[in-house]
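In this note's numbering, each number is its position in the sequence shown, counted from 1, plus 51. Virtual Cβ for every residue (Gly too), placed ideally from N, Cα, C.
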Amino acid sequence: MTASFRYPMFMVGYQPTYRVPPISTVYGLLSAAKGEKVHLHDLRIGYDFVAEGAGLDLERIRIYGNETKVIPTLFRGTDIVNREFLYNCTLTLYLTDMAFEDYLTRPRYNLLLGRQSDLAWVEAVDTVTLIEQENVEIRNTIVPFTGDIPGQVVSLPSDFTDEAERRPLKVMPYCIVDSPQTISFGYLDPERNLGVHLHEFSN
Numbered sequence: 052m053t054a055s056f057r058y059p060m061f062m063v064g065y066q067p068t069y070r071v072p073p074i075s076t077v078y079g080l081l082s083a084a085k086g087e088k089v090h091l092h093d094l095r096i097g098y099d100f101v102a103e104g105a106g107l108d109l110e111r112i113r114i115y116g117n118e119t120k121v122i123p124t125l126f127r128g129t130d131i132v133n134r135e136f137l138y139n140c141t142l143t144l145y146l147t148d149m150a151f152e153d154y155l156t157r158p159r160y161n162l163l164l165g166r167q168s169d170l171a172w173v174e175a176v177d178t179v180t181l182i183e184q185e186n187v188e189i190r191n192t193i194v195p196f197t198g199d200i201p202g203q204v205v206s207l208p209s210d211f212t213d214e215a216e217r218r219p220l221k222v223m224p225y226c227i228v229d230s231p232q233t234i235s236f237g238y239l240d241p242e243r244n245l246g247v248h249l250h251e252f253s254n
């Protein structure tokens, strides 16, 4: 029912949320469903994310580490932050690997859309044939930044390592699309009349 996609390195008392999940969040969700690390080059993904609204909540956080490095065993205290969240959210995923039908039907670990309290569940898994199309309209998603379409430009990791102290992988500029925009080439989901941009990463 809720989702929160925190701005990286935003450490002040107010933590806003992106309006759509970053690529790394989606791959993290797929890794939880599969029960092991899903790498960027394992499959192509596209998605559309909508939320009915946003709210603001007070949250107590526990602070670890010192001024220069996070050390899990060094507890420094607690703090109160204002955290923005989205509610009544729907994520429509498009995946090119049919094996994820089983993973998403019976996920190995909890599916999250942000914090540990932002639990998600799968309503349906369907097979759909996407139609290649020029000048397709997309909305409520994220695409690599090219300067061709307007939107909020952010520098984000596409993925993280799966070690204890996670490291960002493939940091690049993205454009958050939260209004109808036309891309030169994409795909159309004819059942939902929804434009899709499929992300593809090489090894």
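Using beta-carbon positions only, say whether Tyr145 and Lys85 come within less than 8 Å of one another. no
Simplified DSSP state of Ala83, which is helix, strand or coil: helix
Name the one or two DSSP bridge partners that Tyr98 has. Leu144
Cα-Cα separation between Tyr225 and Leu207, rounded to whole angstroms: Take the alpha-carbon of Tyr225 and the one of Leu207: they are about 7 Å apart.
Going by the beta-carbon positions, is the gap between Tyr78 and Val71 smaller than 8 Å? no
Between Asn139 and Glu188, how many whole angstroms is the CB-CB distance? I'm expecting something under 8 Å. Actually they do not touch by this definition, with Cβ atoms about 23 Å apart.
In this structure, how does DSSP classify Tyr154 when only helix, strand and coil are distinguished? helix
Ile189 in three-state terms, based on DSSP: strand
In chain order, which continuous runs of the alpha helix (DSSP H) of length 4 or greater are located wholly inside the segment 194-234? none
May I have the straight-line CA-CA distance separating Ile227 from Gly128, to the nearest angstrom? 35 Å
What three-state label does DSSP hand Thr76 in the structure shown? The DSSP-derived three-state label of Thr76 is helix.
Taking the continuous beta strand (DSSP E) assigned at Val247, which residues delimit it? 245-247
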